[in-house]
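In terms of the working numbering, the sequence shown opens at residue 896 and continues consecutively.
Please read the structure below before turning to the comments.
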Amino acid sequence: MKGQLWLSSIERLGKSRPVQSAWGLLFVSLALSCGLVRAGDRSAALHKLNIGVVQMALGQTLGENRDRIVAGISTAAALGVRVVVFPEGALRGEDDRDPVLVEEAVAAVRKAARDRNVYVLFGGATYSPKLKKETNWMFATGPDGRDLLRYDKLYDQHDAPMPGVFHIDGIPCSAMICADRWLRGVEELPILQGAQISFELSCNFASEWVPPFEWYWYVPRALRNTVWVIFANTGNKVSGVSDTSATAGLRHGHSAVIAPDGRIVAASPDDAETIVVAELDISKATRADALVRAGHPALRGFWEAGLKLHRGQAIPAAALTPLKSIETELTVAAAQTIDNLSSMVAMIGAARAQGADLIVFPERAIAESALDQLRAAARENQITVVVGMEHAMADGTRRNSAFVIGPAGTIRTRYDQLSATDPYQPGTDPASMWFRVKNVPAAVTIGKDALWTELSELAAVAGAQVRVHLDHDTDENPNAELRRVQVWSNLASFLTFTVTANVVGSAIWDDLRDLDERRAEVRGLPRPDNGPVEVYSPFSANLVVRAKAGPDLIVATRRVGRVNPYHPRRTSNFNPQMEAWYRLGAQLIQPKR
């Protein structure tokens, strides 16, 4: 009887589509190599690892959910998996205040792992008399029934120890619980310590699935760290129907296995309970991009300090004085015009005619020889212009640069892409990203910098309220368009008003009132009216407007406050032991006084 739930789920998928289809119970064949903690060490043996993600719906009692977990372990093990993953809070129920019942339930899961010779990752929730609320935790248990990791969700218990690296058949892994994904120390420091698989156990609100963005948190995580990302989320017994029990609400499902190159290799197509299976190739999980970011001279000190704090060491960090502005209405614009000076000048005039204070052109939009004419157009229209150009250095090297021209026609700054690769030399000065629009602090980046989201986060900590990003990606394939939107959504989700200018699909994003939007979702309140948007996303930046094909001009207006409240509201308030890390990082990139 215990295994029938998951078997019936498999049968349902098999009847509706072939098991081998992209949206059935998926088996994906990839090659796997085990990496060790130290970068470059290739002494690990080769492995293949089968993972089964159980998209479980929640029952009302602790016992019911215990039995569903045990049944899920048996069913997944019968499918040949080595690792069985359950969502956040899978082991919970109306009777989870009794610590004896909770320990007995955990022991039953350990026994099931031992009986079936599998690793099991599962979340649970119990009431904390100290905090007077239910708190989430998770275990990673080995095939011998012993615990590899015990971790309390920091969003629930802010002073809990941070999770680190654990090993599955010698493969370094890390894990996070749902909202802890927004804490960079939880999400990424274990990857620098060697983790090649990043697990997330979630019980997401249905509204966290935004169809135009799809797996918008998880694909960029895989890309910027070059690791496998495993997303285990709660489902519903019946698709689209909320469980009325006290332990559940409507959840969005869509559990997924994401490769280091950002491909969705296995996933649930919806919110109904099921099992997603994949066979991983960890040789692809090189952590290359994570190591490049952490090794850049501009960011090395930040990441080294984070690792020290994670180990319990202290780091020096001066008090932070974030940048401030006046409360004001700000209008921004993006134009997709490139390689045509007269059209770019015309776009500057058109943007100003619509009241824009700022217009942004794509990466490498035009040669630097056009700079003087663009300065004249900025001065004539009294508007700030950001434009991408290739810049030749005196030593003969080239930079991929963004020039910021003020309303008086003066060059406010030239930022050189930090993440640049051949034929360009990488920039070295993150402080050059800063400028002001109507006295509002703003920061600009280029190209693959979009995946270096620590730049966006630290800019927000330092006080940025406007983010500008320049791209030059001509691919109009729907998959490429989706990936751009996912990456841009991440960089724009730090309580900023953001312009992402590209040769196609440019967009303007609004995350300024994100705290209000999240609060409304969590408390079941009406959604705040923060202005018209094309795509509403309460747990990330809203897509306000997106450009169509050709040299399209898009414009949007929002009211900006005096400060960006991102720090400490979304940082050290939930992860106080890393407070000095955020201060140090902001100081490393702040504009020179």
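Glycine included, every Cβ here is placed at the ideal spot set by N, Cα and C.
Separation of residue j from residue i, as counted between CA atoms
i     : j     : result
V979  : L944  : 11 Å
I1261 : Q1231 : 12 Å
E999  : G958  : 10 Å
G1456 : K1219 : 9 Å
M1071 : R1331 : 36 Å
I1125 : V965  : 20 Å
V923  : R1158 : Because the pLDDT of V923 is 30, which lies under 50, any placement of that residue in the model is unreliable, and the number read from its coordinates should be weighed accordingly. Their backbone Cα atoms lie some 12 Å apart in a straight line.
W1329 : V1382 : 21 Å
N1295 : A1315 : 7 Å
I1341 : A1127 : 33 Å
Y1310 : V1458 : 23 Å
D1064 : K1025 : 37 Å
P1067 : P1085 : 9 Å
E983  : R1274 : 55 Å
L1350 : K1027 : 36 Å
A1002 : V1133 : 29 Å
A1209 : A1354 : 23 Å
F1034 : P1373 : 38 Å
S938  : Q1091 : Residue placement at S938 is flagged as unreliable, the pLDDT there being 33, under the threshold of 50; the coordinate-derived value follows with that caveat. Rounded to the nearest angstrom, the two C-alpha atoms are 15 Å apart.
L921  : V1160 : Residue confidence is low: L921 scores 30 on pLDDT, short of 50, so the model does not pin down where it sits. Its coordinate-derived value is still stated next. Distance between the alpha carbons of L921 and V1160: 8 Å.
K1203 : A1475 : 11 Å
R1146 : G1130 : 6 Å
E1352 : S1327 : 16 Å
E1263 : N1276 : 20 Å
T1305 : L1236 : 18 Å
D1234 : I1243 : 15 Å
Identity of the residue in the options nearest residue i by Cα
i     : options                       : result
D1267 : T1292, V1240 and S1178        : V1240
L1016 : Y1046, L1026, L996 and E1029  : Y1046
I1313 : P1325, A1020, I1306 and P1302 : It should be pointed out that residue 1313 corresponds to Leu in this sequence rather than to Ile. Comparing Cα-Cα distances from L1313 to each of P1325, A1020, I1306 and P1302, the minimum goes to P1325.
A1212 : H942, V948, N1031 and M1473   : M1473
Q1088 : S969, E1285, V1439 and A1185  : A1185
G1059 : S1093, A1297 and G1291        : S1093
F1108 : S1432, R1206, N1459 and D962  : S1432
P1427 : R1414, Q1482 and T1452        : T1452
A1180 : T1121, V1227 and W1104        : T1121
E1412 : S1102, E1285, D1156 and R1206 : S1102
R1259 : T1369, P1373, S1137 and S1237 : T1369
K1006 : N1397, E1199 and I968         : I968
S1384 : A1355, T1348 and A1003        : T1348
A1345 : H1367, D1176 and K1333        : H1367
A1229 : P1471, T1305 and R1441        : R1441
R1465 : E1376, V1004, G1019 and R1076 : R1076
V1399 : R1408, L1386, A1375 and R1414 : A1375
A1214 : V1394, W1032, I1300 and L1479 : L1479
G988  : I1221, A1297, N1031 and V1299 : N1031
V1380 : D1424, K1333 and N1437        : N1437
K1333 : Y1319, D1042 and T1223        : T1223
W1104 : P994, H1062, G1207 and P1164  : P1164
I946  : T956, L974, L1096 and W1198   : L974
V1227 : C1098, D991 and R1247         : R1247
Bridge partners - residue i, DSSP secondary structure assignment
i     : result
K1028 : S1023
T1279 : L1253
D1409 : None, per the DSSP bridge assignment.
A1035 : L1016 and L1044
T1340 : H1364
I1210 : According to DSSP, I1210 bridges with nothing at all.
T1395 : H1364 and A1402
G947  : V979 and V1172
CB-CB length for residue i against residue j, believed under 8 Å
i     : j     : result
P851  : T1279 : Residue 851 lies beyond the residue range present for the chain, which begins at 896 and ends at 1488; the question has no answer from this structure.
H1053 : F1469 : 5 Å
G1144 : D1166 : At roughly 12 Å, the Cβ-Cβ gap does not stay under 8 Å, so G1144 and D1166 are not in contact.
L1225 : V1335 : 6 Å
V1522 : D1406 : Because the chain in this structure spans residues 896 to 1488, residue 1522 falls outside the shown range and cannot be described.
L1460 : L1410 : Looking at the sequence provided, one finds Pro at residue 1460 rather than Leu. So it is a contact: roughly 7 Å between Cβ atoms.
V948  : V1152 : 7 Å
G1196 : L1483 : 6 Å
Hey, is the segment 1167-1183 in contact with the segment 1072-1081, meaning 3+ C-beta pairs nearer than 8 Å? no
Within the chosen definition, does the segment 1111-1130 reach the segment 1442-1458 through at least 3 CB pairs nearer than 8 Å? no
Contact between the segment 1383-1400 and the segment 1357-1375: three or more CB pairs below 8 Å? yes
Whether or not the segment 1003-1014 and the segment 1030-1046 are in contact is what I'm after, with contact meaning three or more pairs of Cβ atoms, one per stretch, closer than 8 Å; do they touch? yes
Does the segment 1245-1259 come close enough to the segment 1416-1432 to have 3 or more Cβ pairs within less than 8 Å? no
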